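Using the working numbering, read the sequence shown as starting at 2 and increasing by one per residue.
Beta carbons are placed, not taken as given, at the ideal position from N, Cα and C, and that holds for glycine.
As the structure is a prediction and not an experimental result, all values here were calculated from the model.
Below: the structure, in C-alpha cells.
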Amino acid sequence: KIRDRVKQILPQKVAEAVCNRVHQELQARRAEGDGKYFGDVYGYEDTGQRWDLKLQLSSEVKHALTLMLQHIQGVLESLRPSWQLTELAAMCTFPEDPGQPVHADTSHVYDQQVVTIFVALHDISPER
C-alpha cells in the first residue's frame, strides 16, 4: 500500500539523525536570538512552544531529502516535469503546544503549483 510506504518514508536511523541535527540547530539558533533562522508560524501567539526552523543543508538533511525524493519524485513529475525547492524547514514543537489549526501554507489562487510535505521524525499521537 502507498500509505504504508509513506508512513515509513525514512528509515528510523535516518529520522533519528535528522531529529538530533534539528535539536542541535534549534538550540543554537534560539541561543543566538536571530530571527532570520525562523519562519512565521500560524498560531505564533503560542510563543515558546513552536518554531519553524529554517534548516541548513547538512549531510543528515541531504540524505533524508534524497531518500524522501526517491519515494515521491515520480508523483511530483507526473504533475509537473520540474520542481523547485522553496523552503526546507523543521516544525519544532514542545509537548505542551496546542497544535496549529488547519490552514493553507500558500494562496490556492496564486500559488497553485506549491506542494507542502511534512515528514515526522518521531512518533505522533493520532490526536495530533
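Is the separation between the beta-carbon of Leu27 and that of Ala65 shorter than 8 Å? For the purposes of this step, residue 27 is taken as the residue at position 26 of the sequence shown. For the purposes of this step, residue 65 is taken as the residue at position 64 of the sequence shown. No, the Cβ-Cβ distance between Leu27 and Ala65 is not below 8 Å.
Let me make sure I understand the geometry here. Which of Glu88, Arg51, Asp106 has the alpha-carbon closest to that of Glu97? Within the sequence shown, numbered from 1, the residue matching residue 97 stands at position 96. It is Arg51.
Measure the C-alpha to C-alpha separation of Leu122 and Arg30 and round it to an integer number of angstroms. Residue mapping note: residue 122 aligns to position 121 of the sequence shown, counting from 1. Residue mapping note: residue 30 aligns to position 29 of the sequence shown, counting from 1. Approximately 19 Å between the Cα atoms of the pair.
Of the residues Lys63, Gln74, Ala91, which one's Cα is nearest the Cα of Trp84? On the sequence shown, residue 84 is found 83 positions in, with the first residue counted as 1. If we check each option's Cα against that of Trp84, Gln74 comes out closest.
If you follow the alpha helix (DSSP H) that Arg22 is in, where does it begin and where does it stop? For the purposes of this step, residue 22 is taken as the residue at position 21 of the sequence shown. That run of the alpha helix (DSSP H) goes 13-33.
Leu56 vs Ala91 beta-carbon contact at 8 Å: Looking up residue 56 in the sequence shown gives position 55. Looking up residue 91 in the sequence shown gives position 90. A Cβ-Cβ contact shorter than 8 Å links Leu56 with Ala91.
Grab the span of the alpha helix (DSSP H) containing Leu66 for me, first residue to last. What you label residue 66 is simply residue 65 of the sequence shown in a count that begins at 1. Taken as a continuous stretch (DSSP letters only), the alpha helix (DSSP H) holding Leu66 covers 60-80.
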